[in-house]
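Those sequence lines, one after another, are chains A and B. Per the numbering used here, the first sequence starts with residue 10, numbered consecutively. Per the numbering used here, the second sequence starts with residue 9, numbered consecutively.
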Amino acid sequence: MHDGSGLIAVQNLTKQFGSVTAVQNLSFTVSPGSVTGFLGPNGAGKTTTLRMLLGLVKPTGGTATINGRPFHQLGQPGRVVGAVLEAQGFHPARSARDHLRVYAAAIGVPDAQADQVLGLVGLGTAADRKVGGFSLGMKQRLALATALLGDPQVLVLDEPANGLDPEGIAWLRTFLQSYARMGRTVLISSHLLAEVEQTVDQVVIISRGQTMFYGPLEQLRQSQQQRVLVQPSDVNALAMALRNEGVQTIEQLPDGRLAVSGVDSKHVADSALRAGVSIYGIQEEQVDLERLFFQLTSGQYAGYAPAPYQQQQQGGWA
Amino acid sequence: MGNLVQAELRKTTTTGLWWGLLIPTAVLALGWGLATGLLGQFFVDFASSSDVDEVSDFLGVSPDQWKVSLFGMARAINISTIFPMIFGAMAISGEINRRTITTTFLTAPSRMHSMLAKMLVYVLWGAIYGLVIMLFVSVGVVLTSESGQLPDAGGWAMLTLVCVLSSILMTMFGVGVGALIPNVAGTVVLLLLYFLVIENVLHGVLAYLEVPAVIGFLPNGSINGLTGSVAVDLFLSTAGVVPPEIEDVLRAIAGAGGALDWWWSGLVFLAWSGIVFAGGWAVTQAKDIT
Ligand SMILES: Nc1ncnc2c1ncn2[C@@H]1O[C@H](COP(=O)(O)OP(=O)(O)OP(=O)(O)O)[C@@H](O)[C@H]1O
Ligand SMILES: [Mg+2]
Chain A
10 MHDGSGLIAV QNLTKQFGSV TAVQNLSFTV SPGSVTGFLG PNGAGKTTTL
60 RMLLGLVKPT GGTATINGRP FHQLGQPGRV VGAVLEAQGF HPARSARDHL
110 RVYAAAIGVP DAQADQVLGL VGLGTAADRK VGGFSLGMKQ RLALATALLG
160 DPQVLVLDEP ANGLDPEGIA WLRTFLQSYA RMGRTVLISS HLLAEVEQTV
210 DQVVIISRGQ TMFYGPLEQL RQSQQQRVLV QPSDVNALAM ALRNEGVQTI
260 EQLPDGRLAV SGVDSKHVAD SALRAGVSIY GIQEEQVDLE RLFFQLTSGQ
310 YAGYAPAPYQ QQQQGGWA
Chain B
9 MGNLVQAELR KTTTTGLWWG LLIPTAVLAL GWGLATGLLG QFFVDFASSS
59 DVDEVSDFLG VSPDQWKVSL FGMARAINIS TIFPMIFGAM AISGEINRRT
109 ITTTFLTAPS RMHSMLAKML VYVLWGAIYG LVIMLFVSVG VVLTSESGQL
159 PDAGGWAMLT LVCVLSSILM TMFGVGVGAL IPNVAGTVVL LLLYFLVIEN
209 VLHGVLAYLE VPAVIGFLPN GSINGLTGSV AVDLFLSTAG VVPPEIEDVL
259 RAIAGAGGAL DWWWSGLVFL AWSGIVFAGG WAVTQAKDIT
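1. For A/PRO263 and A/VAL256, what's the separation of their Cα atoms in angstroms?
2. The alpha helix (DSSP H) with A/MET61 in it runs from where to where?
3. Could you tell me which whole alpha helix (DSSP H) segments of length 4 or greater appear in the stretch 176-254 of chain A?
4. Nearer than 8 Å: is that true of the beta carbon of A/THR220 relative to any heavy atom of ligand 1?
5. Along the chain, where does the beta strand (DSSP E) containing B/GLU255 start, and where does it finish?
6. A/VAL213 and A/VAL44: beta carbons closer than 9 Å?
7. Less than 8 Å between the CB of A/ASP167 and some heavy atom of ligand 2, yes or no?
8. How about A/GLU204: is its Cβ closer than 8 Å to a heavy atom in ligand 2?
9. Can you determine whether any heavy atom of ligand 1 sits closer than 8 Å to the C-beta of A/SER307, and answer yes or no?
10. On the CB-based measure, 16 or more other CB atoms within 10 Å of its CB, does B/MET9 come out buried or exposed?
11. Along the chain, where does the beta strand (DSSP E) containing A/ASN21 start, and where does it finish?
12. Establish whether the CB of A/SER104 and some CB of chain B are separated by less than 9 Å.
13. Find the residues of chain B that neighbour A/THR155, judging by a C-beta separation of less than 9 Å, and give them in chain order.
14. Is it right to say A/LYS67 is buried, meaning 16 or more other beta carbons lie within 10 angstroms of its own, or is it exposed?
15. Grab the span of the alpha helix (DSSP H) containing B/ASP241 for me, first residue to last.
16. Let me confirm a value: A/VAL168 is counted as buried when at least 16 other C-beta atoms fall within 10 Å, else exposed. Which label applies?
17. Between the beta-carbon of A/LEU63 and the beta-carbon of B/LEU12, is there less than 9 Å?
18. What do you reckon, is the C-beta of A/ASP174 under 8 Å from a heavy atom of ligand 1?
19. Could you run through the stretch 91-107 of chain B and flag, in chain order, every residue whose CB is less than 7 Å away from some CB of chain A?
20. Evaluate A/ASP107 with the Cβ neighbour count: other Cβ atoms within 10 Å of its Cβ, from every protein chain shown; 16 or more gives buried, anything less gives exposed.
21. Please name the residues in the stretch 48-71 of chain A whose beta-carbon is closer than 8 Å to at least one beta-carbon of chain B, in chain order.
22. May I ask you to report which of helix, strand or coil DSSP gives B/SER324?
23. Since A/LEU166 and A/GLY87 should fall inside the 8 Å C-beta cutoff, what is the C-beta to C-beta distance between them, to a whole number of angstroms?
24. Against chain B, which members of the stretch 112-142 of chain A pass a CB distance test of less than 7 Å?
25. From A/GLY224 to B/LEU177, what distance separates their C-alpha atoms?
26. Across the stretch 17-26 of chain B and the stretch 76-92 of chain A, are there enough close Cβ pairs to call them in contact, namely three or more that are closer than 8 Å?
27. Interface residues of chain A around B/LYS19 at Cβ under 7 Å?
28. Rounded to whole angstroms, what's the CA-CA distance from A/GLY325 to A/SER232? Just pull it up for me.
29. For chain A, find out if any of its Cβ atoms is closer than 9 Å to the Cβ of B/THR292; answer yes or no.
30. Within the continuous alpha helix (DSSP H) that includes B/ALA165, where are the two ends?
31. Beta strand (DSSP E) containing A/PHE37: first to last residue?
32. Just to confirm the assignment, what range does the alpha helix (DSSP H) spanning A/TYR112 have?
33. Just checking A/SER198 against ligand 1 - is the residue's beta carbon closer than 8 Å to any of the ligand's heavy atoms?
34. Per DSSP, what kind of secondary structure is A/ALA73 in: helix, strand or coil?
35. If you measure beta-carbon to beta-carbon, which residues of the stretch 21-41 of chain B are closer than 8 Å to chain A?
36. On the criterion of 16 or more Cβ atoms from any shown chain inside 10 Å, does A/LYS275 qualify as buried, or is it exposed?
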């Protein structure tokens, strides 16, 4: 039925809910052997994309395939892909074990598998309790156990860390990494880069239903441009001097400082000395990933693509 | 497919809904059975004591041999099968309400597979409900009726058959409606309103318009016809020669006014179930599960 490659391919995927464009011409692929983060702010279209991939939502346009096949052609989908989705339900009167046995039967795996995955996610002692009495984190663990029932090659998780305690998050992190290291595919969504930063190798960042960045996390880190923030005695003189040396990306910040990109602080200090400008303060800015993520995904409801530093001014950055 | 059927069966046995609805079903069936015997007895006493001899004359048997219990049993079955229908109605709408439908669809080759597996399991449940209904109606009737008013062995067998069939068909109809209107409260209210009120009003209107034949083609009319016709047939088979006007009255008493032969009625209702299920399937197929 499917090629067994473990590849997830999303191509020109579009979804329109009435007048709302939830996903717009989205394309990316996820390869086996790595954990890929699927990131975007609230309402960016993450859940919609994952549900289209899993055959739960019909795309308006484009395709989403797993192992080269659309979901409904996988044959035994429960053995190929396991999923934890937002707002996935449980019958409150069913015990955790019964819940898993229902789906173990559907997937066609032995009942013993139910107890095994319960133990795996740390719910072994709650197996006979009714799910209605479970905490949010326990439900999230049970959802994960359900996803693992068929020992799938591909894992798709929508905000799986929701409700998990720090210990649970740490466990999930190592679990997903080792899962990927077995040559399987893991796609995990989040609206917080920091939450998955230590887990993922690749990232797909979307905003307003469109891809903003897609590649290794390392590459994202390196793409950030260092800036030097300097407070000179004469702003204009220093800016002039730098421009004369060919430095073009100079910006004046609201607090009177200059932000200079593309050179290091030593270069700026030397220029200032040559121009006879005193420096009252100088520092190299550390742009963290979260801020970069913010820059990539901001303006969801603003309707324009913001210039990177303009955004920071608006944010009262100092 | 076998896997999915087992999964669906487990879904029904791991929550309390099946017995939560089976208990009132049994109570209702028993109540109707008891009332049937008492009413029948009252009627027979009345008929024997007064000057309705003419009636008994052309029915060809004395009133105490009338199998009046048949009519009450047909009615009891009709009313009681509302419960398996509600049980069926929760099959898909319940999963959508609780959002378990997501996992169900994630673990099935296709939505059609899921729905067919569900249908098979609910056919089984329909049969179980049907047997329980028959059992409790029978106990009620036997407790309160003279033996002369009870059906013979063949009659019991025939009634059991149509009771189980009727229950299965009602359950299937419920499953279809539950898929068509994926909302538990909406489905249940609509079904109760339709089967208890709307169609009865329609029957009145149709009778008034002097086109009672149409009744047999409506959902409730046809499912009532399935049991009602059998009751009338059984009654008539021991009652001698009956003029057509009286037969019509008897059919009305059995809740099968304007109905067709029992097997025709069954086929008509099966067609209704098929239409509703097809509609439910189309809705489910196209639905975005968000
Ligand atoms: N069933 C629906 N009907 C109408 N609009 C919808 C529906 N589902 C999602 N949307 C819209 O599609 C857009 C994307 O929603 P989606 O749930 O995919 O975002 P998300 O990235 O998962 O957000 P979050 O981080 O909050 O989970 C939103 O504007 C949302 O309002
Ligand atoms: Mg979401």
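Beta carbons: idealized from backbone N, C-alpha and C, even for Gly. Since this is a predicted model, take the numbers as computed values, not measurements.
Taking the coordinates as given:
1. For A/PRO263 and A/VAL256, the gap between their C-alpha atoms comes out near 20 Å.
2. 55-62 is the extent of the alpha helix (DSSP H) around A/MET61.
3. Listed in chain order, the complete alpha helix (DSSP H) runs (minimum 4 residues) inside the stretch 176-254 of chain A are 202-206, 226-232, 244-253.
4. No, the Cβ of A/THR220 stays beyond 8 Å of every heavy atom of ligand 1.
5. Premise fails: B/GLU255 lies in the alpha helix (DSSP H), 252-261, not in any beta strand (DSSP E).
6. No Cβ-Cβ contact shorter than 9 Å links A/VAL213 with A/VAL44.
7. For ligand 2, a non-hydrogen atom lies closer than 8 Å to the CB of A/ASP167.
8. Ligand 2 has no heavy atom closer than 8 Å to the beta-carbon of A/GLU204.
9. Not one heavy atom of ligand 1 sits closer than 8 Å to the Cβ of A/SER307.
10. Its Cβ having fewer than 16 others within 10 Å, B/MET9 is exposed.
11. Run containing A/ASN21: 17-26, per the beta strand (DSSP E) assignment.
12. True, the Cβ-Cβ gap to chain B drops below 9 Å.
13. Going along chain B in sequence order, the residues near A/THR155 (Cβ under 9 Å) are THR111, LEU114, THR115.
14. With fewer than 16 other Cβ atoms within 10 Å, it is exposed.
15. B/ASP241 -> alpha helix (DSSP H) spans 227-245.
16. Strictly speaking, residue 168 of chain A in this sequence is Glu, with Val absent from that position. Under this definition A/GLU168 is a buried residue.
17. A/LEU63 places its beta carbon 9 Å or farther from that of B/LEU12.
18. Result no, Cβ not under 8 Å from ligand 1.
19. Within the stretch 91-107 of chain B, the qualifying residues are ARG106, ARG107.
20. The C-beta of A/ASP107 has 16 or more other C-beta atoms within 10 Å across all chains shown, which makes the residue buried.
21. From the stretch 48-71 of chain A, only THR56, THR57, ARG60, LEU63, GLY64, LEU65, VAL66, LYS67 have a Cβ closer than 8 Å to chain B.
22. The structure shown has nothing for residue 324 of chain B, since chain B only spans 9 to 298.
23. The C-beta distance from A/LEU166 to A/GLY87 rounds to 16 Å, too long to meet the 8 Å contact threshold.
24. Correct list: TYR112, ALA114, ALA115, ILE116, GLY117.
25. Computed Cα separation, rounded: 56 Å.
26. Contact fails: fewer than three Cβ-Cβ distances are below 8 Å.
27. Residues of chain A passing the Cβ test: VAL111.
28. With a pLDDT of 36 at A/GLY325, under the threshold of 50, the modelled position of that residue is not reliable, and no figure is offered here.
29. By this cut-off, B/THR292 is not an interface position.
30. 161-188 is the span of the alpha helix (DSSP H), which, as asked, contains B/ALA165.
31. Counting along the chain, the unbroken beta strand (DSSP E) around A/PHE37 starts and ends at 29-39.
32. Per DSSP, A/TYR112 belongs to the alpha helix (DSSP H) from 105-116.
33. Within the cutoff, so yes.
34. If DSSP states are grouped into helix, strand and coil, A/ALA73 belongs with the strands.
35. Look at the stretch 21-41 of chain B: the residues with a C-beta under 8 Å from a C-beta of chain A are THR22, THR23, GLY24.
36. Around the C-beta of A/LYS275, fewer than 16 other C-beta atoms lie within 10 Å, and the residue is accordingly described as exposed.
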